[in-house]
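Some notes on the structure that comes next.
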Amino acid sequence: MKLKCQKCAKPATFHITDIEHGKPLEYHFCEEHARRHLAPSAEEQAEQQFTGKLAKDSTAIGGALKTEPSAADRRVCPICNISFLEFRNTGRLGCPYDYEVFRDELMPLLESIHEDTRHAGKTPKRAPRNTEQQTALIQLRNDLNRAVAAEDYEAAAKLRDQIKTIEQEQSARRTAPS
C-alpha cells in the first residue's frame, strides 16, 4: 500500500522524521510538499517564528518568564552559524561540523533516540565522501551570502569561483570510472 502525501492526493515519495519537543514526528510528502517542508518560504518561517515566540513568551517558570537562553543554547557553529537553540526549535542541524560543536548536548539525545551514537547502515550514493570539503562549501556559501549582503561584489565573485571549482571537482569524481 502506497502512502499519499499529507498535503495533497499525490503519492508520498519523501518520508521525513523531525524531532519536535524531543519526540519524533513522521511526515509523508510528495516532492513539492517535501521541498516546502524542508525549505519553508519567508512567510511560513515568519509564522513559525511568531508561533514559537508566542509559545516561549507564554511559558512562565516560577512565576517569571524565562528570557535568558542557557550557555549551550547560545553556542553557535562557526561554519553554518546555527545555534543550539535553533537546532532544538527546528530539529535540524546546519552542517556536519555541528556534531562536533554540539557534541556534549547531542550524544545523550542520539543515544536516547537511536540507542547508539555511531551510524550503522547504508549511506546514499550521492552523499559527499569528503565531509571536510562539504564543510568548506557550506562556509564559502555563508561567506558569499555575507559578501553579497555587504555589497562586496569583488569578494562575492571570488567566493563564487571557489564554490564552482569545488563543485566541479566533486562532480568530476562522481562521474569518473571507479
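Residues in the sequence shown are numbered consecutively from 1, following the numbering used here.
All C-beta atoms, glycine included, are put in the ideal place defined by N, C-alpha and C.
Unbroken alpha helix (DSSP H) run spanning residue i, endpoints
{"i": "ASP18", "result": "Here ASP18 belongs to no alpha helix (DSSP H); instead the beta strand (DSSP E) covers 14-20."}
{"i": "TYR99", "result": "98-101"}
{"i": "ASP73", "result": "71-74"}
{"i": "LEU85", "result": "84-90"}
{"i": "ARG35", "result": "31-38"}
Residue i - partner residues in DSSP beta bridges
{"i": "GLU26", "result": "THR17"}
Helix, strand or coil at residue i [DSSP, three-state]
{"i": "PRO11", "result": "strand"}
{"i": "GLN6", "result": "coil"}
{"i": "GLU154", "result": "helix"}
{"i": "ASP161", "result": "helix"}
{"i": "LEU144", "result": "helix"}
{"i": "PRO78", "result": "coil"}
{"i": "LEU93", "result": "coil"}
{"i": "ALA172", "result": "helix"}
{"i": "ALA120", "result": "coil"}
{"i": "GLU105", "result": "helix"}
{"i": "GLU115", "result": "coil"}
Proximity below 9 angstroms, CB of residue i to CB of residue j
{"i": "LYS23", "j": "ALA12", "result": "no"}
{"i": "GLN162", "j": "ILE79", "result": "no"}
{"i": "HIS33", "j": "CYS8", "result": "yes"}
{"i": "ARG88", "j": "ASP73", "result": "yes"}
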